[in-house]
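J.: Take the sequence shown: its letters are residues 93 to 345, numbered as in this note's numbering.
Glycine residues also receive a C-beta, built at the ideal position from the N, C-alpha and C atoms.
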Amino acid sequence: MRSRPIGVFDSGLGGVSVLRNMSALLPKEDFIYFGDDKNAPYGTKSEEEILRLAIDDTSFLLQKNVKAIVIACNTATSAAANHLRETLSVPVIGMEPALKPASLNRKEGVIGVMATPATLKQKKFRLLYEKYGDHAMPIPCPGLMEFAEKGILSGEEIDVFLNKLLAPYRKYPLESVVLGCTHYVFLKAAISKALPGVILYDGNDGTARQLKRVLEEKNWLKETGEGSVSMYTSGDESHILPLMWSLFREKIL
Numbered sequence: 093m094r095s096r097p098i099g100v101f102d103s104g105l106g107g108v109s110v111l112r113n114m115s116a117l118l119p120k121e122d123f124i125y126f127g128d129d130k131n132a133p134y135g136t137k138s139e140e141e142i143l144r145l146a147i148d149d150t151s152f153l154l155q156k157n158v159k160a161i162v163i164a165c166n167t168a169t170s171a172a173a174n175h176l177r178e179t180l181s182v183p184v185i186g187m188e189p190a191l192k193p194a195s196l197n198r199k200e201g202v203i204g205v206m207a208t209p210a211t212l213k214q215k216k217f218r219l220l221y222e223k224y225g226d227h228a229m230p231i232p233c234p235g236l237m238e239f240a241e242k243g244i245l246s247g248e249e250i251d252v253f254l255n256k257l258l259a260p261y262r263k264y265p266l267e268s269v270v271l272g273c274t275h276y277v278f279l280k281a282a283i284s285k286a287l288p289g290v291i292l293y294d295g296n297d298g299t300a301r302q303l304k305r306v307l308e309e310k311n312w313l314k315e316t317g318e319g320s321v322s323m324y325t326s327g328d329e330s331h332i333l334p335l336m337w338s339l340f341r342e343k344i345l
């Protein structure tokens, strides 16, 4: 079991940001990444549709004989994690917006939670919000993840989009912002430009540590050799795969 790869999937390119954290923390492990770019974005779909797509994504990875599944997508985690854990024999690790650390580190201001409309509507987020959201404010971001999907990480187009999106929230004393979509991690520089002085949180490192804990508990960590990364997409391979590798090597703020 130790020698088997770890399967990772997302609605598109965003999960590559989580893949970076995991491969850095577990350099001996082999990772297989699948981005469902053909069906992106998930964040505006119904919960039933997201579940169906997540099951398809998982089936692809299981054919690669993976020892664990990482749902590198907040939206898909909310819609599908429980079902997958109940039906699969391999561990399933999901994502969660980093509202808890933002709340625990809060001083006086408001915490913004930038996420897809679907993530903000789902029960998993509502429960998290009930526990840690006393001083938090949801910020729905339809259309934002598409910039990362296109490889547009900076420039006038995204600056204009973010300024319009965030304008209604500038009247609040924003102290920090939780990036509740893995795609947004690649847009940190642009978001920081739109919200100067605001602290940004994401759940990528916590997910990587959770994966390591699960594999340690099962004694499934790979102990020898050099790890590898393989990437697949349901979209246009000639366009998407080079973009995935470019994002995998991208310097993030």
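Quick one: residues in its chain with C-beta nearer than 6 Å to the C-beta of Val270, no 5 flanking neighbours on either side, listed in chain order?
T.: Working through the sequence shown from its first residue, we reach residue 270 at position 178. Once the five neighbours on either side are set aside, the close Cβ partners of Val270 are Pro189, Ala190, Leu191, Ala194, Val205, Tyr293.
J.: Take Asp328 as the anchor and find which of Val321, Met336, Ser322 has the nearest alpha-carbon.
T.: The count along the sequence shown starts at 1 and reaches residue 328 at position 236. The residue with the shortest Cα to Cα distance from Asp328 is Met336.
J.: From Thr208 to Glu121, what distance separates their C-alpha atoms?
T.: Numbered from 1 along the sequence shown, position 116 holds the residue referred to as residue 208. Numbered from 1 along the sequence shown, position 29 holds the residue referred to as residue 121. Going from the Cα of Thr208 to the Cα of Glu121 covers about 31 Å.
J.: Would Thr35 and Met187 qualify as a contact pair, given that the criterion is a beta-carbon distance under 8 Å?
T.: An answer regarding residue 35 cannot be provided, because it is not within the stretch 93 to 345 covered by the chain.
J.: Quick one: Cα of Leu307 to Cα of Leu313, how far?
T.: Residue 307 sits at position 215 when you count from the first residue of the sequence shown. Residue 313 sits at position 221 when you count from the first residue of the sequence shown. Cα-Cα distance, rounded: 5 Å.
J.: Please list, in chain order, all residues of the same chain as Ile244 whose beta carbon is under 8 Å from its beta carbon, the five residues on each side excluded.
T.: The residue given as residue 244 occupies position 152 in the sequence shown. Here the set comprises Ile250.
J.: Please say whether Gly319 and Pro119 have beta carbons closer to each other than 8 Å?
T.: Within the sequence shown, the letter at position 27 stands for residue 119. Within the sequence shown, the letter at position 227 stands for residue 319. Yes; because the gap between Cβ atoms is below 8 Å, this pair is in contact.
J.: Would you give the residue range spanned by the beta strand (DSSP E) that Met229 belongs to?
T.: Against the sequence shown, residue 229 aligns to sequence position 137. Counting along the chain, the beta strand (DSSP E) containing Met229 begins and ends at 228-232.
J.: Give the straight-line distance between the Cα atoms of Val252 and Ala164, rounded to the nearest whole angstrom.
T.: The count along the sequence shown starts at 1 and reaches residue 252 at position 160. The count along the sequence shown starts at 1 and reaches residue 164 at position 72. Between Val252 and Ala164, the C-alpha separation is close to 28 Å.
J.: Could you tell me which of Asn157, Lys256, Lys156, Phe126 sits nearest to Leu43, measuring between CA atoms?
T.: In the structure as shown, the chain starts at 93 and stops at 345, and residue 43 therefore has no counterpart that could be examined.
J.: Among residues of its own chain, excluding the 5 on either side of Asn131, which ones have a beta-carbon nearer than 6 Å to its beta-carbon?
T.: Walking along the sequence shown from the start, residue 131 turns up at place 39. Only Leu145 meet the Cβ criterion.
J.: Looking only at its own chain, which residues have a Cβ that is under 7 Å from the Cβ of Leu153, when we skip the five neighbours before and after it?
T.: Within the sequence shown, numbered from 1, the residue matching residue 153 stands at position 61. Hits under 7 Å: Gly99, Phe101, Ile124, Phe126, Ile161.
J.: Per DSSP, which one or two residues make a beta bridge with Leu313?
T.: Within the sequence shown, residue 313 is the residue found at index 221, counting from 1. Its beta-bridge partners do not exist; DSSP assigns none.
J.: Between the C-alpha atoms of Asp129 and Lys242, what's the straight-line distance to the nearest angstrom?
T.: Reading the sequence shown from its first residue, position 37 is the one you call residue 129. Reading the sequence shown from its first residue, position 150 is the one you call residue 242. When rounded, the distance between both Cα atoms is 10 Å.
J.: Are the CB atoms of Arg94 and Leu309 within a distance shorter than 8 Å?
T.: Locating residue 309 in the sequence shown gives position 217, where the first residue counts as 1. Locating residue 94 in the sequence shown gives position 2, where the first residue counts as 1. Note on residue identity: the sequence assigns Glu, not Leu, to residue 309. Against a cut-off of 8 Å, the Cβ pair of Arg94 and Glu309 comes out as no contact.
J.: For Tyr224, count neighbouring C-beta atoms within 10 Å of its own C-beta (all shown protein chains included) and say buried if the count is 16 or more, exposed if not.
T.: The residue you call residue 224 lines up with position 132 of the sequence shown. Tyr224 should be labelled buried.
J.: Nearest-angstrom Cα distance between Gly317 and Thr211?
T.: The residue given as residue 317 occupies position 225 in the sequence shown. The residue given as residue 211 occupies position 119 in the sequence shown. If I take the Cα positions, the gap works out to 38 Å.
J.: Quick one: is Gln155 buried, meaning 16 or more other Cβ sit within 10 Å of its Cβ, or exposed?
T.: On the sequence shown, position 63 is the one that residue 155 refers to. Exposed, because fewer than 16 other Cβ atoms sit within 10 Å of the Cβ of Gln155.
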